[in-house]
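Enquirer: Supplied in structure tokens, the structure appears directly below.
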Amino acid sequence: HLKAPEDKSFGSSLMESEVNLDRYQTALEEVLSWLLSAEDTLQAQGEISNDVEVVKEQFHTHEGYMMDLTAHQGRVGNILQLGSQLIGTGKLSEDEETEVQEQMNLLNSRWECLRVASMEKQSDLHRVLMDLQNQKLKELNDWLTKTEERTRKMEEEPLGPDLEDLKRQVQQHKVLQEDLEQEQVRVNSLTHMVVVVDESSGDHATAALEEQLKVLGDRWANICRWTEDRWVLLQDILLKWQRLTEEQCLFSAWLSEKEDAVNRIHTTGFKDQNEMLSSLQKLAVLKADLEKKKQSMDKLYSLKQDLLSTLKNKSVTQKMEVWLENFARCWDNLVQKLEKSTAQISQAVTTTQPSLTQTTVMETVTMVTTREQILVKHAQEELPPPPPQKKRQITVDSEIRKRLDVDITELHSWITRSEAVLQSPEFAIYRKEGNFSDLKEKVNVGYALIFICVHILCCL
Numbered sequence: 021h022l023k024a025p026e027d028k029s030f031g032s033s034l035m036e037s038e039v040n041l042d043r044y045q046t047a048l049e050e051v052l053s054w055l056l057s058a059e060d061t062l063q064a065q066g067e068i069s070n071d072v073e074v075v076k077e078q079f080h081t082h083e084g085y086m087m088d089l090t091a092h093q094g095r096v097g098n099i100l101q102l103g104s105q106l107i108g109t110g111k112l113s114e115d116e117e118t119e120v121q122e123q124m125n126l127l128n129s130r131w132e133c134l135r136v137a138s139m140e141k142q143s144d145l146h147r148v149l150m151d152l153q154n155q156k157l158k159e160l161n162d163w164l165t166k167t168e169e170r171t172r173k174m175e176e177e178p179l180g181p182d183l184e185d186l187k188r189q190v191q192q193h194k195v196l197q198e199d200l201e202q203e204q205v206r207v208n209s210l211t212h213m214v215v216v217v218d219e220s221s222g223d224h225a226t227a228a229l230e231e232q233l234k235v236l237g238d239r240w241a242n243i244c245r246w247t248e249d250r251w252v253l254l255q256d257i258l259l260k261w262q263r264l265t266e267e268q269c270l271f272s273a274w275l276s277e278k279e280d281a282v283n284r285i286h287t288t289g290f291k292d293q294n295e296m297l298s299s300l301q302k303l304a305v306l307k308a309d310l311e312k313k314k315q316s317m318d319k320l321y322s323l324k325q326d327l328l329s330t331l332k333n334k335s336v337t338q339k340m341e342v343w344l345e346n347f348a349r350c351w352d353n354l355v356q357k358l359e360k361s362t363a364q365i366s367q368a369v370t371t372t373q374p375s376l377t378q379t380t381v382m383e384t385v386t387m388v389t390t391r392e393q394i395l396v397k398h399a400q401e402e403l404p405p406p407p408p409q410k411k412r413q414i415t416v417d418s419e420i421r422k423r424l425d426v427d428i429t430e431l432h433s434w435i436t437r438s439e440a441v442l443q444s445p446e447f448a449i450y451r452k453e454g455n456f457s458d459l460k461e462k463v464n465v466g467y468a469l470i471f472i473c474v475h476i477l478c479c480l
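Now the structure itself:
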């Protein structure tokens with residue numbers, strides 16, 4: 021505390037001097053208190069980190085600190101100016117003047133040290149931050165170059181040629197997606213890059229940095245877009261391939277099942293008429309199943325074509341063609357087996373079962389009513405023609421012949437009546453509104469039964 025002179029003769033001047041000293045001392049104490057706090061704050065900032073995100077925080081924190089120094093710089097200047105005015109009045113004693121001068125020198129020295137230290141800290145933070153950011157830019161550039169080469173190889177590699185190979189490629193793509201997610205952290209960091217314009221480099225350096233960031237951003241966007249499009253393509257192909265594989269397995273199992281079923285049907289050595297008719301019925305059912313299954317075959321071709329149009333792999337195309345050719349061959353073999361079995365049973369009708377009557381055949385037709393068209397085809401196309409007439413020394417069962425003659429006559433009469441009904445004017449109205457396909461099918465069945473009965477009659 022500075023003391024005023026004790027000389028009473030300078031009363032008014034002394035009071036004026038004491039007032040100025042009080043103002044000076046009060047202001048000095050406030051500034052010194054703030055200065056001490058500012059020095060402690062700078063010291064508390066600690067060492068500069070080597071993590072770019074932490075350094076960014078340190079840089080922004082110190083930036084606020086520098087603004088606070090700038091705001092208080094005027095107060096320090098005011099204290100120094102007030103001290104100079106006190107000394108300039110010549111009203112202070114020599115000791116007081118010396119003490120004020122020392123206080124001013126100390127304040128100025130501490131302020132200058134704090135200002136220089138703060139500027140150096142700001143410069144160091146900027147240098148470290150730019151080094152770290154440039155390092156991140158280089159790392160991103162290297163990563164992009166490596167990933168671009170990686171995606172180029174992935175794109176050049178044909179998809180497949182097997183489903184398991186495609187699944188492996190899907191897993192590889194998932195790894196790429198995970199790498200992109202990890203790299204996103206570094207990209208986000210660079211999108212908030214801190215750029216301080218240096219007076220020595222000016223706008224040129226800033227423009228160059230902006231161009232570098234733009235190029236890296238475009239490359240990053242291209243990789244992300246390719247990765248997304250590739251993922252959509254892989255998922256589409258995988259789904260189509262899995263559906264095709266499932267249909268292949270189901271169709272292959274169905275073919276094997278039907279082949280076994282055909283092989284189990286007896287075509288010769290029948291014990292009785294029922295066994296023979298049972299075989300005919302089974303063959304009719306199998307033929308109907310084949311007719312329905314043609315849609316599945318068409319579906320396989322459609323799925324195959326859909327997959328190949330998306331996949332665009334010659335190797336896979338060749339494998340698919342071979343596979344479908346094998347299926348077609350198995351299908352043809354199955355059809356041939358059915359035809360052969362039907363022919364063998366038909367031959368048995370004419371050679372080993374002369375007692376087969378129309379009534380028995382009608383019972384068989386009734387059991388497979390829903391297969392009537394197939395039975396017609398069997399009767400009209402697949403039964404071999406009756407053997408030429410031969411003189412045989414056999415005893416003709418007149419009762420069987422008589423029954424067949426009567427039944428054939430009744431069948432023919434029924435068919436004639438049915439055709440007349442179908443062609444009548446009264447039926448025209450029903451034709452527009454109703455479904456008479458069943459009646460037509462029954463007429464066709466009637467023709468088939470006549471054919472079978474005549475065939476049997478010729479064998480008697």
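Here the numbering used here is used: position 37 in the sequence shown is 57, and no number is missing along the way. Built from N, CA and C at the ideal position, the CB exists for glycine as well. Owing to the predicted nature of the structure, the values given are computational and were not obtained by experimental measurement.
Quick check on DSSP: helix, strand or coil for Q255?
Expert: Position 235 of the sequence shown, counted from the first residue, corresponds to residue 255. Q255: helix per DSSP, three-state reduction.
Enquirer: By Cβ distance, which residues of its chain are closer than 7 Å to W261, with the 5 residues on each side in sequence left out?
Expert: Mapped onto the sequence shown, residue 261 falls at position 241. Once the five neighbours on either side are set aside, the close Cβ partners of W261 are L183, L186, L327.
Enquirer: Would you check if the distance between the CB atom of L303 and the CB atom of T362 is smaller than 8 Å?
Expert: Along the sequence shown, one-based indexing puts residue 303 at 283. Along the sequence shown, one-based indexing puts residue 362 at 342. Cβ distance < 8 Å, so L303 and T362 count as in contact.
Enquirer: So, at 7 Å on beta carbons, what are the nonlocal neighbours of V282 in its own chain, with the 5 sequence-adjacent residues on each side left out?
Expert: Numbered from 1 along the sequence shown, position 262 holds the residue referred to as residue 282. Within the same chain, V282 has close Cβ partners L306, L354, K357, L358, S361.
Enquirer: Does the structure place the region 261-277 close enough to the region 287-294 that three or more beta carbon pairs sit under 8 Å?
Expert: These segments do not touch.
Enquirer: Put T415 into one of helix, strand or coil per three-state DSSP.
Expert: Within the sequence shown, residue 415 is the residue found at index 395, counting from 1. In this prediction, T415 has a pLDDT of 37, which is less than 50 and means its spatial position is unreliable; nothing more can be read from the coordinates.
Enquirer: With the cut-off set at 8 Å, would you say R135 and L102 are in Cβ contact?
Expert: The residue labelled residue 135 in the question sits at position 115 within the sequence shown. The residue labelled residue 102 in the question sits at position 82 within the sequence shown. Not a contact, by the Cβ cut-off of 8 Å.
Enquirer: Just tell me which of T226, T171, A273 has its CA closest to the CA of R245.
Expert: What you label residue 245 is simply residue 225 of the sequence shown in a count that begins at 1. Answer by Cα proximity: T171.
Enquirer: What does the alpha-carbon distance come out to for the pair S316 and L323?
Expert: Within the sequence shown, numbered from 1, the residue matching residue 316 stands at position 296. Within the sequence shown, numbered from 1, the residue matching residue 323 stands at position 303. Approximately 10 Å, taken between the alpha carbons.
Enquirer: Please state the DSSP three-state secondary structure of V51.
Expert: Residue mapping note: residue 51 aligns to position 31 of the sequence shown, counting from 1. Helix.
Enquirer: If you draw a straight line from the C-alpha of E67 to the C-alpha of N154, how long is it?
Expert: The sequence position of residue 67 within the sequence shown is 47, counting from 1. The sequence position of residue 154 within the sequence shown is 134, counting from 1. The straight-line gap from Cα to Cα measures roughly 20 Å.
Enquirer: Our contact map puts W274 next to K313 with C-beta atoms below 8 Å; I'd like the distance itself, whole angstroms only.
Expert: Stepping through the sequence shown from its first residue, residue 274 is reached at position 254. Stepping through the sequence shown from its first residue, residue 313 is reached at position 293. That pair is a contact at about 7 Å.
Enquirer: Considering N154, what are the terminal residues of the alpha helix (DSSP H) in which it resides?
Expert: For the purposes of this step, residue 154 is identified with residue 134 of the sequence shown, where counting begins at 1. Its alpha helix (DSSP H) spans residues 114-176.
Enquirer: Assign S69 to one of three DSSP states: helix, strand, or coil.
Expert: The residue you call residue 69 lines up with position 49 of the sequence shown. Note: S69 maps to coil in three-state DSSP.
Enquirer: Going by DSSP in three states, D60 sits in which element: helix, strand or coil?
Expert: Position 40 of the sequence shown, counting from 1, holds the residue named residue 60. In this structure, D60 counts as helix in the three-state DSSP scheme.
Enquirer: Taking the alpha-carbon positions, what's the L157 to K141 distance?
Expert: Locating residue 157 in the sequence shown gives position 137, where the first residue counts as 1. Locating residue 141 in the sequence shown gives position 121, where the first residue counts as 1. Cα to Cα, L157 sits roughly 24 Å from K141.
Enquirer: Do the region 110-130 and the region 196-210 meet, that is, are 3 or more Cβ pairs less than 8 Å apart?
Expert: The region 110-130, when compared against the region 196-210, does not touch it at the 8 Å Cβ threshold.
Enquirer: Closest to E132 by CA distance: which of Q93, H193, R43 is it?
Expert: For the purposes of this step, residue 132 is taken as residue 112 along the sequence shown, with counting starting at 1. The candidate whose alpha carbon is nearest that of E132 is Q93.
Enquirer: Can you tell which of E311, P178, H80, K339 has its C-alpha closest to the C-alpha of W351?
Expert: Mapped onto the sequence shown, residue 351 falls at position 331. Closest option to W351, Cα to Cα, is E311.
Enquirer: Considering only residues of the same chain and omitting the five flanking positions on each side of L229, which have a CB-CB separation below 7 Å?
Expert: Translated into positions along the sequence shown, residue 229 becomes position 209. Closer than 7 Å at the Cβ level, and outside the excluded window around L229, lie V215.
Enquirer: Are the beta-carbon atoms belonging to L127 and I107 less than 8 Å from one another?
Expert: Residue mapping note: residue 127 aligns to position 107 of the sequence shown, counting from 1. Residue mapping note: residue 107 aligns to position 87 of the sequence shown, counting from 1. No. Outside cutoff.
Enquirer: Helix, strand or coil: how does DSSP classify V214 here?
Expert: Position 194 of the sequence shown holds residue 214. In the structure shown, V214 sits in coil (DSSP, three-state: anything other than H, G, I, E or B).
Enquirer: Thinking C-beta only, is K76 closer than 8 Å to L160?
Expert: Here the question's residue 160 lines up with position 140 in the sequence shown. Here the question's residue 76 lines up with position 56 in the sequence shown. No, the Cβ-Cβ distance between L160 and K76 is not below 8 Å.
Enquirer: Suppose the cutoff is 7 Å on Cβ atoms and the five residues either side in sequence are ignored; what does the same chain contact list for P404 look like?
Expert: Position 384 of the sequence shown, counted from the start, is the residue given in the question as residue 404. Legend: pLDDT at P404 = 42, less than 50; position of this residue unreliable, value from coordinates given subsequently. Cβ within range, chain order: A363, S366, Q367.
Enquirer: Run through DSSP, which three-state label would G180 get?
Expert: The residue labelled residue 180 in the question sits at position 160 within the sequence shown. Coil at G180, not helix or strand.
Enquirer: Output the distance between the C-alpha atoms of G237 and A227, rounded to the nearest integer angstrom.
Expert: Taking the first residue of the sequence shown as 1, we reach residue 237 at position 217. Taking the first residue of the sequence shown as 1, we reach residue 227 at position 207. One C-alpha to the other measures close to 15 Å.
Enquirer: For Q413, which residues from the same chain have a beta carbon less than 6 Å from its beta carbon, with the 5 sequence-adjacent residues on both sides left out?
Expert: Here residue 413 corresponds to residue number 393 of the sequence shown, with the count starting at 1. Bear in mind that a pLDDT of 36 at Q413, under 50, signals an unreliable position, so the number given afterwards is only what the model happens to contain. If we look at Q413 and ignore the five residues flanking it on each side, it has no Cβ neighbours.
Enquirer: Could you tell me the boundaries of the alpha helix (DSSP H) in which N294 lies?
Expert: Translated into positions along the sequence shown, residue 294 becomes position 274. Per DSSP, N294 belongs to the alpha helix (DSSP H) from 293-331.
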